[in-house]
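Visitor: Questions regarding the structure given below will be posed in turn.
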Amino acid sequence: MKYIETQTLPSLGHAEVRIIAHTPEAARAVAEVLRGCFAGAEQRSYPGLDGDTRLHLTVDTATPAGPARPWLAAGQTPVGAGAHSDET
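Taken in order, the sequence shown gives residues 90 to 177; the numbers are from the numbering used here.
Below you can see the structure in the form of structure tokens.
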């Protein structure tokens, strides 16, 4: 049986992003890229169970922080950006 975690949704116009990386530096690098596209990034970092780093980020999807990528501005999903097999 697969456990599905119940979470409170972020406020309208915001998204919660979860980053899992082998090192804190790698997680921070990804967070910096997201901050270049979206405003209002609240960041929380946690140690993972296997020594990895888990970084949680809240971004404001209604207010671009910088020049939006063409796929973002057009409201399209980039190629290869579907759900992972462990996501429902």
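Glycine included, every Cβ here is placed at the ideal spot set by N, Cα and C.
Small disclaimer: the values here were computed from a predicted structure and weren't measured.
Hey, quick one: how far does the beta strand (DSSP E) through residue 144 stretch, first residue to last?
Guide: Here residue 144 refers to the residue found at position 55 when the sequence shown is read from its first residue. Start and end: 142-153.
Visitor: Around the Cβ of residue 97, are there at least 16 other Cβ atoms within 10 angstroms (buried) or fewer (exposed)?
Guide: As a working note, residue 97 is residue 8 in the sequence shown. When all chains shown are included, residue 97 counts as exposed.
Visitor: Helix, strand or coil: which one does DSSP assign to residue 102?
Guide: Sequence index remark: in the sequence shown, residue 102 carries index 13 (1-based). Residue 102 falls in the coil class under three-state DSSP.
Visitor: Which residue or residues does DSSP assign as beta-bridge partners of residue 96?
Guide: The residue labelled residue 96 in the question sits at position 7 within the sequence shown. Looking at the DSSP assignment, residue 96 forms no beta bridge with any residue, so it has no partner.
Visitor: Using the three-state DSSP reduction, which class does residue 129 fall into: helix, strand or coil?
Guide: Here residue 129 refers to the residue found at position 40 of the sequence shown. Strand, per DSSP.
Visitor: What does a CB cutoff of less than 6 Å around residue 134 pick up in its chain, not counting 5 residues either side in sequence?
Guide: Translated into positions along the sequence shown, residue 134 becomes position 45. Only 144 meet the Cβ criterion.
Visitor: Could you tell me which residues DSSP puts in a beta bridge with residue 50?
Guide: As shown, the chain starts at 90 and ends at 177. That puts residue 50 outside it, with no answer to give.
Visitor: Among 125, 150, 118, whose alpha-carbon lies nearest the alpha-carbon of residue 108?
Guide: Mapped onto the sequence shown, residue 108 falls at position 19. Closest option to residue 108, Cα to Cα, is 118.
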